Every structure is written in structure tokens, then in C-alpha cells.
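Participant:
There are 4 protein chains.
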Amino acid sequence: MTQPPRPDPDHPAPPRRKRRKEARPAEIVEAAFAVFCEHGYGKARVDDVARRAGIAKGTVYLYYPNKQALFQAVVEAKVTAAISQAAIMADGFEGSSAELLRRMVRNAYDNLVLTDAKLLMRIIIGEGHLFPEIQSLYYEVGIKPGMTMLDKVVERGVSMGEFRDGPAREFPRLIMAPGIMAAIWQMTFSANEPIDMERYFESHLDLVLNGLKA
Amino acid sequence: MTQPPRPDPDHPAPPRRKRRKEARPAEIVEAAFAVFCEHGYGKARVDDVARRAGIAKGTVYLYYPNKQALFQAVVEAKVTAAISQAAIMADGFEGSSAELLRRMVRNAYDNLVLTDAKLLMRIIIGEGHLFPEIQSLYYEVGIKPGMTMLDKVVERGVSMGEFRDGPAREFPRLIMAPGIMAAIWQMTFSANEPIDMERYFESHLDLVLNGLKA
Amino acid sequence: MTQPPRPDPDHPAPPRRKRRKEARPAEIVEAAFAVFCEHGYGKARVDDVARRAGIAKGTVYLYYPNKQALFQAVVEAKVTAAISQAAIMADGFEGSSAELLRRMVRNAYDNLVLTDAKLLMRIIIGEGHLFPEIQSLYYEVGIKPGMTMLDKVVERGVSMGEFRDGPAREFPRLIMAPGIMAAIWQMTFSANEPIDMERYFESHLDLVLNGLKA
Amino acid sequence: MTQPPRPDPDHPAPPRRKRRKEARPAEIVEAAFAVFCEHGYGKARVDDVARRAGIAKGTVYLYYPNKQALFQAVVEAKVTAAISQAAIMADGFEGSSAELLRRMVRNAYDNLVLTDAKLLMRIIIGEGHLFPEIQSLYYEVGIKPGMTMLDKVVERGVSMGEFRDGPAREFPRLIMAPGIMAAIWQMTFSANEPIDMERYFESHLDLVLNGLKA
DNA sequence: GATGAATGAGTCTTCATTCAT
DNA sequence: TATGAATGAAGACTCATTCAT
Numbered sequence: 002m003t004q005p006p007r008p009d010p011d012h013p014a015p016p017r018r019k020r021r022k023e024a025r026p027a028e029i030v031e032a033a034f035a036v037f038c039e040h041g042y043g044k045a046r047v048d049d050v051a052r053r054a055g056i057a058k059g060t061v062y063l064y065y066p067n068k069q070a071l072f073q074a075v076v077e078a079k080v081t082a083a084i085s086q087a088a089i090m091a092d093g094f095e096g097s098s099a100e101l102l103r104r105m106v107r108n109a110y111d112n113l114v115l116t117d118a119k120l121l122m123r124i125i126i127g128e129g130h131l132f133p134e135i136q137s138l139y140y141e142v143g144i145k146p147g148m149t150m151l152d153k154v155v156e157r158g159v160s161m162g163e164f165r166d167g168p169a170r171e172f173p174r175l176i177m178a179p180g181i182m183a184a185i186w187q188m189t190f191s192a193n194e195p196i197d198m199e200r201y202f203e204s205h206l207d208l209v210l211n212g213l214k215a
Numbered sequence: 002m003t004q005p006p007r008p009d010p011d012h013p014a015p016p017r018r019k020r021r022k023e024a025r026p027a028e029i030v031e032a033a034f035a036v037f038c039e040h041g042y043g044k045a046r047v048d049d050v051a052r053r054a055g056i057a058k059g060t061v062y063l064y065y066p067n068k069q070a071l072f073q074a075v076v077e078a079k080v081t082a083a084i085s086q087a088a089i090m091a092d093g094f095e096g097s098s099a100e101l102l103r104r105m106v107r108n109a110y111d112n113l114v115l116t117d118a119k120l121l122m123r124i125i126i127g128e129g130h131l132f133p134e135i136q137s138l139y140y141e142v143g144i145k146p147g148m149t150m151l152d153k154v155v156e157r158g159v160s161m162g163e164f165r166d167g168p169a170r171e172f173p174r175l176i177m178a179p180g181i182m183a184a185i186w187q188m189t190f191s192a193n194e195p196i197d198m199e200r201y202f203e204s205h206l207d208l209v210l211n212g213l214k215a
Numbered sequence: 002m003t004q005p006p007r008p009d010p011d012h013p014a015p016p017r018r019k020r021r022k023e024a025r026p027a028e029i030v031e032a033a034f035a036v037f038c039e040h041g042y043g044k045a046r047v048d049d050v051a052r053r054a055g056i057a058k059g060t061v062y063l064y065y066p067n068k069q070a071l072f073q074a075v076v077e078a079k080v081t082a083a084i085s086q087a088a089i090m091a092d093g094f095e096g097s098s099a100e101l102l103r104r105m106v107r108n109a110y111d112n113l114v115l116t117d118a119k120l121l122m123r124i125i126i127g128e129g130h131l132f133p134e135i136q137s138l139y140y141e142v143g144i145k146p147g148m149t150m151l152d153k154v155v156e157r158g159v160s161m162g163e164f165r166d167g168p169a170r171e172f173p174r175l176i177m178a179p180g181i182m183a184a185i186w187q188m189t190f191s192a193n194e195p196i197d198m199e200r201y202f203e204s205h206l207d208l209v210l211n212g213l214k215a
Numbered sequence: 002m003t004q005p006p007r008p009d010p011d012h013p014a015p016p017r018r019k020r021r022k023e024a025r026p027a028e029i030v031e032a033a034f035a036v037f038c039e040h041g042y043g044k045a046r047v048d049d050v051a052r053r054a055g056i057a058k059g060t061v062y063l064y065y066p067n068k069q070a071l072f073q074a075v076v077e078a079k080v081t082a083a084i085s086q087a088a089i090m091a092d093g094f095e096g097s098s099a100e101l102l103r104r105m106v107r108n109a110y111d112n113l114v115l116t117d118a119k120l121l122m123r124i125i126i127g128e129g130h131l132f133p134e135i136q137s138l139y140y141e142v143g144i145k146p147g148m149t150m151l152d153k154v155v156e157r158g159v160s161m162g163e164f165r166d167g168p169a170r171e172f173p174r175l176i177m178a179p180g181i182m183a184a185i186w187q188m189t190f191s192a193n194e195p196i197d198m199e200r201y202f203e204s205h206l207d208l209v210l211n212g213l214k215a
């Protein structure tokens with residue numbers, strides 16, 4: 002996503018060999034994220050990652066032992082970032098559970114459905130079976146924490162008498178399903194049938210909240 | 002999955018060979034389906050398809066000009082089959098719309114979520130961007146007809162006063178979202194956290210029907 | 002060592018794609034032998050092997066899964082050939098043990114010291130530690146049988162009273178040591194100090210037979 | 002083998018640094034020797050040499066222009082050391098030529114066969130053809146002086162009537178052949194068939210001395 | 001001098017596709 | 001039609017060497 006550092010016209014000569022040990026991993030991960038998003042894992046070329054990061058191919062291998070490790074770093078960085086955002090929001094919320102749920106789902110849209118993050122999810126879905134460890138990583142840092150948060154909201158809603166003790170109690174992820182589907186749809190069929198995501202979001206919430214209502 | 006039909010030396014079996022000639026495309030498609038399901042598109046090898054079909058690699062190219070065309074044939078065959086099943090069921094149903102919806106969702110579970118068909122969907126999701134035409138095909142033969150059917154059921158339910166004129170009216174696919182998610186979960190995270198699919202199915206329906214209730 | 006099959010001038014068009022499933026392995030092994038001899042294992046390029054065999058790089062991998070397997074095939078072919086030669090000669094020999102020994106040593110010179118076979122030995126010595134299995138193979142098919150043959154000759158000589166029951170009884174390989182050294186010298190220092198191999202051979206035998214004399 | 006001398010923060014240790022500066026080449030050579038012994042020339046990585054010497058990779062290139070020069074330095078240092086040892090011993094020896102020969106061969110075992118020095122020899126044999134200059138160096142500093150010494154001993158023995166004027170007169174290196182072979186065997190086939198080196202040494206001497214006997 | 005980040009040429013290996021038989 | 005041997009472009013990874021700091 003970041004463009005290769007284009008030389009500042011104020012500075013005469015852009016050093017071809019820059020030494021940026023601290024910044025490099027993040028830069029590479031960012032470039033890798035972009036390339037993986039565009040081509041998926043299998044079709045992404047390490048060479049492209051390097052080029053996008055403005056470095057030589059070999060340099061990538063200075064920081065990550067192989068393509069898979071690079072991908073793992075991307076997953077780790079991106080998912081962790083997205084999830085921690087959500088956690089902050091949920092913490093210490095006061096108000097109706099319905100409102101909390103709305104915020105939570107909104108958050109998922111803002112950080113996953115409407116973001117390139119969904120493209121990472123696509124890789125996990127589509128090619129994750131090739132490296133179960135990364136799949137598990139994604140589950141542990143992304144899915145499980147997310148599910149746990151949902152769990153708590155449902156619990157809260159039920160104990161406050163707002164939600165019924167029904168299906169979402171056993172499978173809180175049901176609540177998020179339409180969002181996941183929207184993300185997939187967006188990546189897959191939006192050319193055939195685009196979604197008005199804002200209306201979809203409202204409909205999503207409407208259906209789910211009505212389904213949960215005590 | 003089928004072993005290559007090794008000709009019995011005692012039986013000249015000419016009818017078999019003739020029958021085979023016509024059956025070839027279907028056999029190849031079947032083998033390809035299995036291989037694509039196992040490895041995804043990119044990692045599937047044409048050689049494996051041939052071996053699985055009990056023929057030589059070159060023979061595959063006699064029927065399909067390239068790997069992509071083969072994949073397209075698989076999508077066409079499999080999706081068409083699955084969808085027509087559903088259509089039959091829905092046609093001329095008499096009973097409550099809730100019951101019709103249940104059957105429909107059940108059908109989706111039986112033909113997609115609990116079947117290898119979901120593995121095809123995985124490829125469309127994960128690698129479909131590499132060949133938009135096939136993605137569109139999948140949409141046209143699979144998704145759109147499915148959505149249309151859902152549409153009708155919702156329409157029916159609303160006009161009969163069973164369902165409210167709410168979110169599912171605008172986005173009928175919301176109804177199916179939990180099923181799609183289940184399919185993906187099954188392929189991706191079942192090792193980390195398995196789903197009791199029958200209970201999930203009931204919860205899915207429960208949530209949705211309550212969300213739809215007039 | 003074999004030149005890439007140069008098209009017979011009598012035949013009009015040398016087919017670029019030849020089908021020679023039977024001949025290929027041997028051709029490739031021969032080409033590989035030449036290339037390995039010239040560059041050693043590590044510096045030998047599979048591409049060169051292919052070129053020398055008059056085929057494309059990929060074709061090599063049709064017959065041997067990787068470079069190491071190819072090398073193993075070379076070792077197997079070459080060593081087996083050389084050793085079986087020796088065995089034939091030794092079998093059923095009648096005459097003095099000294100004469101038998103001379104023939105044996107002569108054979109070693111003819112098949113190892115004065116041949117490219119010593120270049121294979123060089124690889125086993127110099128790079129064999131990278132693949133102990135092939136080292137062991139060389140030992141099993143080449144060294145051990147050779148040692149066994151020597152063993153028998155010494156045994157024969159001792160029991161016939163020709164040789165004394167001395168050092169060569171315990172270490173028959175002592176007999177061959179000067180030959181091995183000659184092979185190495187030839188490959189390593191002949192530019193600095195060439196050996197007159199025929200005189201060396203005679204001296205070798207002279208020293209050893211005198212050392213063995215009862 | 003040696004850990005990089007980590008400077009004690011309490012002691013400024015300037016003498017150590019100064020001493021180090023002069024010691025650097027030797028330290029690097031020592032580290033290089035170890036690494037070359039372990040991996041051979043081609044598979045040895047300059048990086049490993051540096052790490053082992055406790056310095057940075059670039060520093061190696063401050064003292065040696067490239068990997069080959071470094072190897073040459075190793076050869077020079079190690080071979081010179083080994084050979085000068087032998088020369089001292091031989092000089093001004095009084096006693097039988099047989100005894101002198103025994104000492105000489107013993108010396109070869111102690112300094113070559115039973116030492117890592119043989120690993121250097123292995124590289125010269127196995128990969129020396131890649132850099133003939135180093136091969137020649139090895140010959141000039143190691144082989145030739147050694148041969149000359151042998152030469153003198155044989156000469157002495159013959160003129161004193163101890164040895165016959167036979168094969169070892171023309172090819173004194175015949176005397177050492179079993180030792181060379183032992184070194185190679187040790188590096189190559191000891192896993193398959195170990196040698197009791199002390200008994201081998203005695204057998205070696207026995208055979209050779211008997212072969213020489215006037 | 002010393003460092004170690006950066007470079008990029010060099011190789012093995014894979015596999016969709018072709019085509020002589 | 002059917003075969004399967006042959007092709008060769010593509011891509012991951014290594015490591016000697018350079019050079020800015």
C-alpha cells in the first residue's frame with residue numbers, strides 16, 4: 002500500500018543503499034500485505050514485494066527466512082492491529098446491549114469488511130489449508146478474540162433481559178455471519194451485483210437484533 | 002476417487018470403451034473436481050487430474066484447451082447440478098413460508114455446507130479474482146438463481162403476512178449468511194473449534210426466522 | 002563424455018523432440034557423469050547436464066527427482082560397471098598369487114586410476130560428506146567388494162605360502178594404497194609433477210610384492 | 002570454536018584490542034580453517050567464518066580480498082606449520098634409516114592423518130581444481146617438501162645399505178601412500194568401516210619397510 | 001578500521017502446455 | 001483419438017561481495 006519511497010526532490014541523491022534496520026520489517030510487511038492482497042499467497046512473488054518495498058529481493062530474506070514466514074508476519078501484524086482496535090471500543094461500554102452490539106458490528110465493518118483486511122481473510126480461507134499454522138494463528142489472534150467479545154455482549158444482553166437466551170447464546174458468531182458474507186461478496190461478486198454497504202449494514206443489524214430480541 | 006478402469010484381458014469390452022468416449026468429459030470433470038477440492042486451483046496439477054481420471058495428461062487437453070477451461074467446466078457442472086436440485090424442491094411448495102424457508106436452508110446445508118461443493122466455493126472466493134469470467138459464471142449459475150429463490154420465498158412470506166417487510170426484503174441473502182459462514186468455518190477453523198452442524202443449523206434458522214417474523 | 006547426439010547427415014531432419022524413454026536415463030547419466038567429473042558435484046549445473054545430453058533442463062527431472070538422485074544414479078552406474086569388471090577377472094584364476102595380485106592391481110589402474118572413474122572418487126572424497134547415503138553406496142558397491150577381492154587374494158597367497166601372514170592380512174587395502182594415491186596425484190598435482198604411470202605401476206607392485214613376500 | 006572475546010564493560014581493555022588488531026589475520030584464518038574443514042570450500046560461508054572469528058562479515062574482507070584468498074591464507078598457514086614440524090624432526094637425525102623412516106611416517110600420522118589437517122587435504126583433492134594456484138601452493142609448500150624429505154631418507158637408506166635401490170628410490174611417495182589412504186578413509190568411510198589407526202600405522206610401516214629392505 | 005545492511009547474479013525445481021507417435 | 005515424453009518459462013532461495021555509516 003505504501004508507495005516505494007520516492008526521492009524527495011529537496012534532497013539531491015537518494016541513497017540506493019539505505020540502512021533502515023528498524024523500519025525495514027514494517028516496510029516489508031506493508032509491501033507484502035499489498036502484494037498478497039492483490040495476488041493471493043501462491044501468485045504473489047517475493048520479487049514484487051521487494052520491488053514495492055523499494056529494496057532488492059535478497060533484502061526480504063534478511064528479515065524473513067521465507068515467503069511463508071513473511072506471510073505469517075503480515076497476518077500477525079494486520080490481525081493484531083485490527084483486533085486490538087475492537088477490544089478498546091468494547092471495554093467499559095455503558096449503554097444498552099443493542100447499542101453495544103451495533104458498535105461492535107460497525108467496528109467489524111470498519112476494520113474488516115470495508116478494509117483491505119478482508120483480503121487477508123480471503124487468503125486464509127482460500128489458501129490457508131497450505132499452512133495450518135498460519136490458519137491457527139489467524140484463529141487465535143483474530144477469530145477467537147472476536148468471538149469472545151461477541152460472546153460477552155450476548156451474555157450481557159441476556160443477563161440484562163434485552164436478548165433472549167436463544168441461538169446466539171450458543172453460536173454468537175451467527176451475529177457476525179452477514180458481515181463476513183458481505184466481505185466475501187464484496188471481493189467476489191461486487192462486479193456482478195454491488196452492495197450498498199451502508200444499507201446492508203443496517204439490514205444486517207436489523208435482522209440480527211430482531212432475531213435476538215427477548 | 003475412482004480407479005482407472007483397467008480392461009479385463011479376457012473381455013474385449015468394446016462397449017465399455019465406446020461408452021467411455023462419451024463419458025470422458027464427465028469423468029475428467031469429476032476427477033478435476035476432486036483434485037481442485039483437495040489442492041485449490043493454483044496448486045492442483047493437471048497431471049493429477051489425468052491420473053485420477055485414469056487417462057494420460059495429454060488427453061485432458063483433448064477435451065479442455067487449458068487448466069482454466071477445465072476448472073470452468075467443473076464449476077459449470079457442479080453448480081448447475083446443485084442449483085437445479087434446489088429449484089425442484091421449491092417449485093410448487095404448499096405450506097407455510099417458514100417451512101419453505103427451512104427446507105430451502107436445509108437444502109443449502111445438504112448441498113453446499115455439508116458437501117464438497119463448499120470446496121469449490123472456497124476456490125471461487127480465494128482464487129476467483131484470477132479469472133473473473135469463472136467468478137461471473139459462478140455468480141450467474143449459482144449465486145443469482147439461489148438469491149432469486151430466496152427472494153421469492155421472502156416475497157411469499159411477506160405477502161402472506163408471515164414475514165415482516167424488513168431487512169431480508171432488501172437483502173434476502175442475509176438469510177443464507179450463517180450457512181455460508183458455516184461452510185467457511187468448516188473448511189478453515191474446524192480444527193481449532195469444530196461446529197456441531199446440526200445444532201448450528203437449528204440456531205441459524207431460529208435466529209433468522211425470529212428476525213423475519215412479522 | 003559422450004558428445005550430444007549429433008544428427009546423422011544421412012537423415013534429413015533431426016527431430017527436436019525425440020522420444021527415447023529407454024535410452025534417456027543412460028544418456029542423462031552419461032552426460033551427468035561428464036559434468037560432475039568436470040566440475041564436481043556442487044559446481045555442476047543441472048542445466049549443463051541437460052545441454053550435454055541434448056535435452057531440456059526439465060527433461061532431466063522427468064527421470065531423476067533432483068540433482069542428488071542424479072548423482073546417485075551416476076555413482077551406481079559407474080561403480081557397478083567398474084567393479085563387475087574386476088570380479089570377472091578374478092574369478093577362477095589359476096596361477097601364482099603374485100600374478101593374480103598383479104592382475105588385480107593392473108585392473109584397478111585400468112578401471113580407476115587411468116580412467117575418469119577416479120573423478121567420481123574425487124567427488125566422493127571431497128563432497129561425499131554432504132550426502133552420506135551416497136558415500137555409503139559407494140562404499141557398498143565399490144569399496145567393500147574391492148576390499149573383499151583383495152582379501153581373498155591375500156588369503157590365497159598366505160595359504161599357498163607365497164605371502165607372509167603380515168600387515169596385508171589385517172589390512173588388505175594397504176596393497177591398493179599406492180594406486181589410490183596415484184589417482185589422486187593425477188587429478189591434483191600432475192600439473193606440478195606428472196607421473197609416468199606405467200613405471201609407477203611397476204614400482205607400486207614391486208614394493209608391495211616385496212613387502213608381502215613370505 | 003572460540004567464543005568471540007566479549008569485552009568486559011568494567012575493563013576498558015585497550016591492550017586487548019591492540020593485540021587483537023595484529024592478531025586479526027591469524028584469528029580469521031583459524032576461524033576459516035574450522036569452517037572450511039566442516040563444510041568444504043564451496044559450502045563454507047564467509048558469514049560463518051566471520052561469526053566464528055567474532056567479527057563482522059565485512060571485516061573479513063578488510064584482510065582478505067575474497068573467499069579464495071582467505072582459503073589460500075589458510076592453506077599457507079596450516080601447511081607451512083605442519084611441514085616445518087617435520088623438517089625439524091628429520092634434521093640431524095642419527096640412527097638407522099628405518100628408524101628415521103618410522104619417525105617420519107609417524108610424524109605424518111600425527112600431523113596429518115590424525116589431525117584436522119587432512120580435512121584441508123580433502124578440499125585440495127576435492128575442490129582444488131577450481132583454483133589451480135592454491136593447488137600449486139599446496140604442492141609447493143606441502144607436498145614437495147614432504148617428498149624431498151622422504152627422498153633423502155630413502156637416499157640415506159640406500160647409501161647405507163639398509164634399503165634396496167628399488168621402487169621407493171624412483172617414487173618415494175609410495176612410502177607415504179598408505180598414510181594418505183588412511184586419512185581419506187577416515188574422512189570418508191570410517192562410518193562404514195572404522196580403522197584402528199595404531200594397528201594400521203604399524204602395518205603400514207611393516208609392509209613398507211619389508212618392501213624396502215635391501 | 002569495523003560494521004552489517006543491502007545487493008543481485010546464479011541455480012534448483014515445478015508444471016502447464018505442446019506435439020511426435 | 002490417445003499418449004506421455006519433452007519443453008522452457010517462472011519463481012523461491014542463497015550467498016559472495018559491496019559500501020554507507
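Protein chains in written order, with the working numbering: chain A, 2 to 215; chain B, 2 to 215; chain C, 2 to 215; chain D, 2 to 215. C-beta atoms are modelled at their ideal positions from N, C-alpha and C, and glycine is treated no differently. It should be emphasised that the depicted structure is a prediction, and the values quoted were computed from it without experimental measurement.
Looking at the C-beta of PRO195/C, does it have a partner C-beta in chain D at a distance below 9 angstroms?
Facilitator: Indexing the third sequence from 1 puts residue 195/C at position 194. No, no contact with chain D.
Participant: If you run the structure through DSSP and keep just helix, strand and coil, what is LYS58/A?
Facilitator: Here the question's residue 58/A lines up with position 57 in the first sequence. Helix, per DSSP.
Participant: Select from the region 135 to 164 of chain A all residues with a C-beta closer than 9 angstroms to any C-beta belonging to chain B, and list them in chain order.
Facilitator: GLN136, SER137, TYR139, TYR140, GLU141, ILE144, LYS145 and MET148
Participant: Compute the beta-carbon to beta-carbon distance between PRO179/C and HIS205/C, rounded to the nearest angstrom, for a pair I have assumed lies under 8 angstroms.
Facilitator: The count along the third sequence starts at 1 and reaches residue 179/C at position 178. The count along the third sequence starts at 1 and reaches residue 205/C at position 204. With 8 angstroms as the limit, PRO179/C and HIS205/C qualify as a contact, their Cβ atoms being about 4 angstroms apart.
Participant: Taking only the alpha-carbon atoms, compute the straight-line gap between PHE1/C and PHE37/C and give it to the nearest angstrom.
Facilitator: This structure gives no information on residue 1/C, because the portion of chain C shown stretches from 2 to 215.
Participant: Have a look at LEU63/A, LEU101/A, VAL75/A and TYR110/A and flag the residue whose alpha-carbon is nearest the alpha-carbon of LEU138/A.
Facilitator: Taking the first sequence and counting its residues from 1, one reaches residue 138/A at position 137. Ranking LEU63/A, LEU101/A, VAL75/A and TYR110/A by Cα distance to LEU138/A puts VAL75/A first.
Participant: Look up LYS214/C in the DSSP assignment and say whether it is helix, strand or coil.
Facilitator: Taking the first residue of the third sequence as position 1, residue 214/C is located at position 213. Strand, per DSSP.
Participant: Could you list which residues in chain B have their beta carbon closer than 9 angstroms to that of VAL114/A, in chain order?
Facilitator: Looking up residue 114/A in the first sequence gives position 113. Among the residues of chain B, none has a CB under 9 angstroms from the CB of VAL114/A; the nearest is roughly 12 angstroms distant.
Participant: Nearest CA to the CA of ILE124/C: which residue from LEU208/C, VAL80/C and LEU175/C?
Facilitator: For this step, residue 124/C is matched to residue 123 along the third sequence. If we check each option's Cα against that of ILE124/C, VAL80/C comes out closest.
Participant: Would you check if the region 93 to 106 of chain B and the region 151 to 158 of chain B touch, i.e. whether three or more CB-CB distances between them fall below 8 angstroms?
Facilitator: Note that the region 151 to 158 of chain B touches the region 93 to 106 of chain B; at least 3 beta-carbon pairs, one per stretch, sit closer than 8 angstroms.
Participant: Tell me whether PHE94/C sits in a helix, a strand or coil according to DSSP, three-state version.
Facilitator: Taking the third sequence and counting its residues from 1, the one referred to as residue 94/C is at position 93. Coil.
Participant: Looking at the unbroken alpha helix (DSSP H) that takes in LEU138/D, where does it start and where does it end?
Facilitator: Counting from one through the fourth sequence, the residue named residue 138/D turns up at place 137. Note, LEU138/D: alpha helix (DSSP H), 133 to 139.
Participant: Using a beta-carbon distance below 9 angstroms, is ASN211/A in contact with chain B?
Facilitator: By 1-based counting over the first sequence, the position of residue 211/A is 210. Closer than 9 angstroms: yes.
Participant: Considering only the beta carbon of each residue, do GLY129/D and GLN136/D sit closer than 9 angstroms?
Facilitator: As a first step, residue 129/D must be located in the fourth sequence, where it is residue number 128. As a first step, residue 136/D must be located in the fourth sequence, where it is residue number 135. For GLY129/D and GLN136/D, yes; Cβs fall inside 9 angstroms.
Participant: What does DSSP give as the partner residues of PHE172/A in its beta bridges?
Facilitator: By 1-based counting over the first sequence, the position of residue 172/A is 171. Looking at the DSSP assignment, PHE172/A forms no beta bridge with any residue, so it has no partner.
Participant: What residues of chain C sit near ILE126/D, judged by a beta carbon separation below 9 angstroms?
Facilitator: Translated into the one-based positions of the fourth sequence, residue 126/D becomes position 125. Per Cβ cutoff of 9 angstroms: ARG123, ILE126, GLY127, ILE185, MET188 and THR189.
Participant: Would a check of beta-carbon distances place LYS214/A closer than 9 angstroms to chain B?
Facilitator: Within the first sequence, residue 214/A is the residue found at index 213, counting from 1. Yes - at least one Cβ of chain B is within 9 angstroms of the one on LYS214/A.
Participant: Report buried or exposed for LEU120/D, applying the criterion of at least 16 other Cβ atoms within 10 angstroms of its Cβ.
Facilitator: To locate residue 120/D, count along the fourth sequence from 1; it is residue 119. Its Cβ being crowded by 16 or more others within 10 Å, LEU120/D is buried.
Participant: Thinking just about the alpha-carbon of each residue, which of GLY41/A, ASP92/A, ALA192/A and ALA54/A is nearest to the one in MET150/A?
Facilitator: Residue numbering aside, residue 150/A sits at position 149 when the first sequence is read from its first letter. Closest by alpha carbon: ASP92/A.
Participant: Can you list, in chain order, the residues of its chain with a C-beta nearer than 7 angstroms to that of ASP49/B? Leave out the 5 residues immediately preceding and following it.
Facilitator: Position 48 of the second sequence, counting from 1, holds the residue named residue 49/B. Once the five neighbours on either side are set aside, the close Cβ partners of ASP49/B are VAL36.
Participant: Here's the rule: buried if 16 or more other CB atoms are within 10 angstroms of the residue's CB, otherwise exposed. What is PRO66/A?
Facilitator: Translated into the one-based positions of the first sequence, residue 66/A becomes position 65. With fewer than 16 Cβ atoms within 10 Å of its Cβ, PRO66/A is classed as exposed.
Participant: Considering only DSSP beta bridges, list what PHE164/B is partnered with.
Facilitator: Walking along the second sequence from the start, residue 164/B turns up at place 163. LYS214/B, per the DSSP bridge assignment.
Participant: Please compile the residues from chain A whose C-beta is within a distance smaller than 7 angstroms of the C-beta of SER204/B.
Facilitator: Your numbering for residue 204/B matches position 203 in the second sequence. What SER204/B touches in chain A: PRO168, GLU171, PHE172 and LEU175.
Participant: If you drop the 5 nearest sequence neighbours on each side, which residues of the same chain put their C-beta closer than 6 angstroms to that of ALA265/A?
Facilitator: Absent from the structure is residue 265/A, since the part of chain A shown begins at 2 and ends at 215.
Participant: When you compare only the Cα positions, how much space is there between ILE84/C and GLU141/D?
Facilitator: Walking along the third sequence from the start, residue 84/C turns up at place 83. Walking along the fourth sequence from the start, residue 141/D turns up at place 140. If you take the alpha carbons of ILE84/C and GLU141/D, they lie about 35 angstroms apart.
Participant: For the alpha helix (DSSP H) that PHE190/C lies in, which residues bound it at each end?
Facilitator: As a first step, residue 190/C must be located in the third sequence, where it is residue number 189. It is not in any alpha helix (DSSP H) - PHE190/C carries neither H nor E in the DSSP assignment.
Participant: Applying the criterion that 16 or more other CB atoms from any shown protein chain within 10 Å of the CB defines a buried residue, is ALA183/B buried or exposed?
Facilitator: As a first step, residue 183/B is located in the second sequence; it is residue number 182 there, counting from the start. Per the 10 Å Cβ criterion, buried.
Participant: Taking the alpha helix (DSSP H) that HIS40/A belongs to, which residues open and close that run?
Facilitator: Taking the first residue of the first sequence as position 1, residue 40/A is located at position 39. Counting along the chain, the alpha helix (DSSP H) containing HIS40/A begins and ends at 24 to 44.
Participant: Would THR60/B be called buried (16 or more neighbouring beta carbons within 10 Å of its own) or exposed?
Facilitator: Walking along the second sequence from the start, residue 60/B turns up at place 59. Exposed, since its Cβ has fewer than 16 Cβ neighbours within 10 Å.
Participant: How is ASN108/C classed by DSSP in three states: helix, strand or coil?
Facilitator: The residue labelled residue 108/C in the question sits at position 107 within the third sequence. Looking at ASN108/C - three-state DSSP - the assignment turns out to be helix.
Participant: I need the straight-line Cα distance from GLU194/C to ILE185/C, nearest angstrom please.
Facilitator: Residue mapping note: residue 194/C aligns to position 193 of the third sequence, counting from 1. Residue mapping note: residue 185/C aligns to position 184 of the third sequence, counting from 1. Roughly 12 angstroms separates the two Cα atoms.
Participant: Could you check what DSSP says for LEU115/C in three-state terms: helix, strand or coil?
Facilitator: Sequence index remark: in the third sequence, residue 115/C carries index 114 (1-based). DSSP places LEU115/C in coil when its eight states are reduced to three.
Participant: For VAL114/A, which of ILE29/A, ASN211/A, TYR64/A and MET177/A has the nearest alpha-carbon?
Facilitator: Counted from its first residue, the first sequence places residue 114/A at position 113. Among ILE29/A, ASN211/A, TYR64/A and MET177/A, the Cα nearest to that of VAL114/A is on MET177/A.
Participant: Under 9 angstroms, do TYR110/A and MET198/A count as touching if we go by C-beta distance?
Facilitator: By 1-based counting over the first sequence, the position of residue 110/A is 109. By 1-based counting over the first sequence, the position of residue 198/A is 197. Taking 9 angstroms as the Cβ cut-off, TYR110/A and MET198/A qualify as a contacting pair.
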